[in-house]
Each structure stands twice: as structure tokens, then as C-alpha cells.
Amino acid sequence: MRRLGIDIGGTKTLCVVIDDSIAGGRVVDERKVPTDPRGDAEAVVVDLARSFGEIDSVGIGIAGLVSHNGDVVVTTHLPGVRELPLRDAVASRLGLPVAVDNDATCATVAEWRLGAARGSNNALMVTLGTGIGGGAVIDGRVVRGHNGFAGEFGHMVVARGGESCPCGRRGCWEAYASGGGLARLADGVASEAVVHDFLQGDAWAVEVVMEFVDWVVLGLHNLVNLYDPECVVLGGGLGSLPAIVEVVSARFVAGEGGHVGRALPRLVAAELREHAGAIGAAFIGAGD
Ligand SMILES: [Zn+2]
1 MRRLGIDIGG TKTLCVVIDD SIAGGRVVDE RKVPTDPRGD AEAVVVDLAR
51 SFGEIDSVGI GIAGLVSHNG DVVVTTHLPG VRELPLRDAV ASRLGLPVAV
101 DNDATCATVA EWRLGAARGS NNALMVTLGT GIGGGAVIDG RVVRGHNGFA
151 GEFGHMVVAR GGESCPCGRR GCWEAYASGG GLARLADGVA SEAVVHDFLQ
201 GDAWAVEVVM EFVDWVVLGL HNLVNLYDPE CVVLGGGLGS LPAIVEVVSA
251 RFVAGEGGHV GRALPRLVAA ELREHAGAIG AAFIGAGD
């Protein structure tokens, strides 16, 4: 079967076709087009799908809140979109099975099926970028929750009354352990600049990054207690930097102590990078 996955990003929309009859799934076609934030998402998806010829299903990933029935409730990438019934609209025009999900959930599925977590039935993905995204596959099933919003790990409070967060709460993990959090710990210096200086061995940058890493590790240990994963995949702009993965791994193991009776999960870097959203979307369209 040829499964089309479409990842609608902030600046580009990436499409892949997965042939899932080949060794668990293989990318057999791909294409990238610019995202028009004011464009008609339904028409764009339908045109893209038709351009790939014969396909058997369509999966769509997008940042934001996506409900169980494939409605895009709100997305930062398409500012005009509210409560858009994208799944039903595209399905009725194409006459194909269509699924829509959050891009972080899609990335999690991709790493589970074809990437760093393949072979594991209990895996989490945590993306450390501008914010924190995430997703969970537990007992071989994608965790979505009652509304479809599960896996918002970034809004787990780690400091009562702490830094304010755009979600309306205070002390969210994302306010400390994301790119934005790193910049705040660095008194407003951009996270890219701090990481650059850290890689050069600058003492101040090393101190700031280590504090950042301790916040990352605190949240990871909370997630281990919640989900009992076998494998945790780190991704996102910051989470996929080898030097960051290395120090997070070292502190993650050193900070162990509250997990009596079990081995810590494997902490691994994401493998599929910018393709993860589209690959995961293809698998979600196929029923994951
Ligand atoms: Zn929050």
C-alpha cells in the first residue's frame, strides 16, 4: 500500500509516500512545497494528494491542537484556522481514508516505526525546540487521550508559582527546558548563541547549559515515573544536538535514585529529523 504523509510546517510542507509492504515501511517518494499561512489548507492537501497518483491513504500532521475526529482546533502555522474539520473535508473530496494529528504525535510514531525507537513497544518522544513537544507509544499503542491532546509534556508544572507560560499556567517545564527556557536562564541571550559558546567551552555558557540540562533531566525523570518507557527519544533543534544529548544522558543517569527496582530507559537521539512529521503522518493515515 502507498501511504501519503503530509507535514504542514510553519514555512514548508513536506510530503512522503511510504510503501508499507517493504520491510515495515520505506519512503518511496517525497516532495517539499512552501506553506502559505493564509492558504486554503483543505485545497492544498487535496491538490498535493492528487499529484502523487495512486495512493491508498492520507495522513496529515500539523502543529497545534487536533481533536480525535481530525478537526484542527487551533494551529500556529495557519493563523486563520479555527475548528477546521480537515479530516472529513479531505476524505470526502478524495474518497480515501484520511487522518489528522498533532505533528509531535506524528514524529513520535515515525521514530517508533522507522527511527530511534523502532522495536520498542513503550517509547516516549520529547522534542526540545522553541517549546517542548512530545508523544507516547505505550503497550504498542499511540496515546492520544480523551480529547486527542495527550503528550503536552511541556506544560507539566515543575516549579509551583514559577515562570509564566503562554498556556496560562506558571512554572511549566517548557519555561525552563526549551530553547526559550535556555534563553531565559541566559538572561536573554539567544539559545543558539549560548549553545555556540558552550561548544567552545566558555565557562559561563557551560554553567548556563548545565542548569538548563538539570531542568531537562528533572522533567525526564517525571516522565519515566509516569509512563515507565523502555526508550526516550530526544528531538527538536536543541534535543538533537549530539553535545546536548551527551550531557543530558550523563546527568539523567547520575540523577537516578528515585526509580527503585527498574533499569532506566534508553535515552536516544531522534533519527528522522525533518522527515519525522511526514513519515509519522503516513503511518497515522494507515491506522496507527
Ligand atoms: Zn504551559
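Going letter by letter, the sequence shown gives residues 1 to 288 in our numbering.
Glycine included, every Cβ here is placed at the ideal spot set by N, Cα and C.
Considering only residues of the region 191-227, which uninterrupted alpha helix (DSSP H) runs meet the minimum length of 4 residues and lie entirely inside it, listed in chain order?
-> 191-199, 203-227
In angstroms, rounded to a whole number, what distance separates the CA positions of V158 and G168?
-> 15 Å
When you compare each of D47, V217, G134 to A254 by their alpha carbons, which one comes out closest?
-> V217
Own chain, CB closer than 8 Å to A269, minus 5 neighbours either side, in chain order = A distance below 8 Å between beta-carbons, with the five flanking residues on each side excluded, links A269 to the following residues of its chain, in chain order: A116, V233, L234, G235, G239, S240, P242, V245.
Quick one: grab the DSSP three-state call for V189.
-> coil
Pick out the complete beta strand (DSSP E) segments inside the region 39-97, 3 residues or longer, and give them in chain order.
-> 57-62, 72-74, 82-84
Segment contact, 8 Å Cβ cut-off, at least three pairs: the region 23-32 with the region 55-67 | Fewer than three beta-carbon pairs drawn from the region 23-32 and the region 55-67 are found closer than 8 Å, and the two stretches are therefore not classed as touching.
L238, enclosing alpha helix (DSSP H) - first and last residue | 236-239
Nonlocal neighbours in the same chain, by C-beta distance under 6 Å from A150, ignoring five residues either side | Once the five neighbours on either side are set aside, the close Cβ partners of A150 are V143, R144.
How would you label H275, buried or exposed, when you count the other beta carbons within 10 angstroms and need 16 or more for buried?
-> buried
Using alpha carbons as the reference points, say which of P34, P97, G119 lies closest to G285.
-> The option with the nearest alpha carbon to G285 is P97.
Let me know the alpha helix (DSSP H) ranges lying completely inside the region 229-285, each 4 residues or longer, listed in chain order.
-> 236-239, 242-254, 276-285
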